[in-house]
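Peer 1: This is the structure I want to talk about, given as structure tokens.
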Amino acid sequence: MTLQDIIADIHALTEDLEVFERKYGVLSETFYELYQRGVEPDNDAWVLDWADWAGAYDILLERRKHAPASQAHSARHQASSHSCASHQFRCS
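To get this note's numbering, take the position in the sequence shown, counting from 1, and add 218.
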């Protein structure tokens, strides 16, 4: 995989993650931390979305390992996003 491929993946994954962030009102980093701790969605219909969201975030983290310069761009992008309350979570 070339650096250009990695960067293209990062951009595509970021767009995918933004869709989930808007839909559920939670930044991907926050979502993923809760997901890793076993927190489940309030609505069972969201389970498939959450699995896709976690998978996309996993891949993004892996791609970033191979393109360290992209992390600065991502940090600036995330800082400009709005964080919302995570009222859509429940503990398992």
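Glycine is no exception: its CB is placed at the ideal position from the N, C-alpha and C atoms. Just so we're clear, the structure is a prediction, and the values are computed from it rather than from any experiment.
Beta-carbon of Ile277 versus every beta-carbon of chain D: anything under 8 Å?
Peer 2: Protein chains in the displayed structure number just one, and chain D is not present.
Peer 1: Check the C-beta distance from Ala274 over to Leu235 and give it rounded, since I have them as a contact under 8 Å.
Peer 2: Along the sequence shown, read from residue 1 onward, the residue named residue 274 stands at position 56. Along the sequence shown, read from residue 1 onward, the residue named residue 235 stands at position 17. Contact holds; Cβ gap of about 6 Å.
Peer 1: Where do the ends of the alpha helix (DSSP H) carrying Gly273 lie?
Peer 2: Taking the first residue of the sequence shown as position 1, residue 273 is located at position 55. Note, Gly273: alpha helix (DSSP H), 265-283.
Peer 1: Among all the DSSP beta bridges, which residues are the ones paired with Glu247?
Peer 2: The count along the sequence shown starts at 1 and reaches residue 247 at position 29. Per DSSP, none; premise fails for Glu247.
Peer 1: Please report the distance separating the alpha-carbon of Asn261 from that of Arg255.
Peer 2: In the sequence shown, counting from the first residue as 1, residue 261 sits at position 43. In the sequence shown, counting from the first residue as 1, residue 255 sits at position 37. Spanning the two alpha carbons is a distance of roughly 18 Å.
Peer 1: Give me the residue from Glu280, Asp267, His284, Leu278 with the minimum Cα distance to Arg240.
Peer 2: What you label residue 240 is simply residue 22 of the sequence shown in a count that begins at 1. Ranking Glu280, Asp267, His284, Leu278 by Cα distance to Arg240 puts Asp267 first.
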